[in-house]
Amino acid sequence: MSRSDLSGSLGSDTTPFFGRRYTPVQQLFLRRLVVLLEKRRQLEMLPNPNEDQKRTLNKALYSTFIDCVELGTGDEAKGLL
Numbered sequence: 031m032s033r034s035d036l037s038g039s040l041g042s043d044t045t046p047f048f049g050r051r052y053t054p055v056q057q058l059f060l061r062r063l064v065v066l067l068e069k070r071r072q073l074e075m076l077p078n079p080n081e082d083q084k085r086t087l088n089k090a091l092y093s094t095f096i097d098c099v100e101l102g103t104g105d106e107a108k109g110l111l
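Residue numbers (our numbering): 31 to 111.
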């Protein structure tokens, strides 16, 4: 699953991706995971990344991943990692 795979409308009760429908909350956390992964990638490209920023970002990634698991989208979240 990529960022473009998560580009659906939040206006409906569920949105289909890969033959599966996601609730707005599931979609929110999957999108949040994609954004955080992109931020981590950008941070790692810096010549001297700030260790505090890396640690904070990794905690946010872990927390968001756990949220995805609890919402029933753990397999999708694993696929993004």
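Virtual Cβ for every residue (Gly too), placed ideally from N, Cα, C.
Integer Cβ distance of residue i from residue j, believed to fall under 8 Å
{"i": "LYS112", "j": "LEU73", "result": "This structure cannot speak to residue 112, because the chain is shown only from 31 to 111."}
{"i": "ALA107", "j": "LEU60", "result": "7 Å"}
Spatially closest choice to residue i from the options, by CA coordinates
{"i": "GLU100", "options": "GLU81, GLN56, ARG61", "result": "GLN56"}
{"i": "VAL65", "options": "LEU87, THR103, GLY102", "result": "LEU87"}
{"i": "PHE95", "options": "MET75, ARG51, LEU63", "result": "LEU63"}
{"i": "ARG70", "options": "LEU58, TYR92, ARG50", "result": "TYR92"}
Own chain partners of residue i with C-beta closer than 8 Å, once the 5 adjacent residues on each side are dropped
{"i": "GLY102", "result": "GLN56"}
Same chain, Cβ closer than 6 Å to residue i, neighbours up to 5 away in sequence not counted
{"i": "PRO79", "result": "LEU73"}
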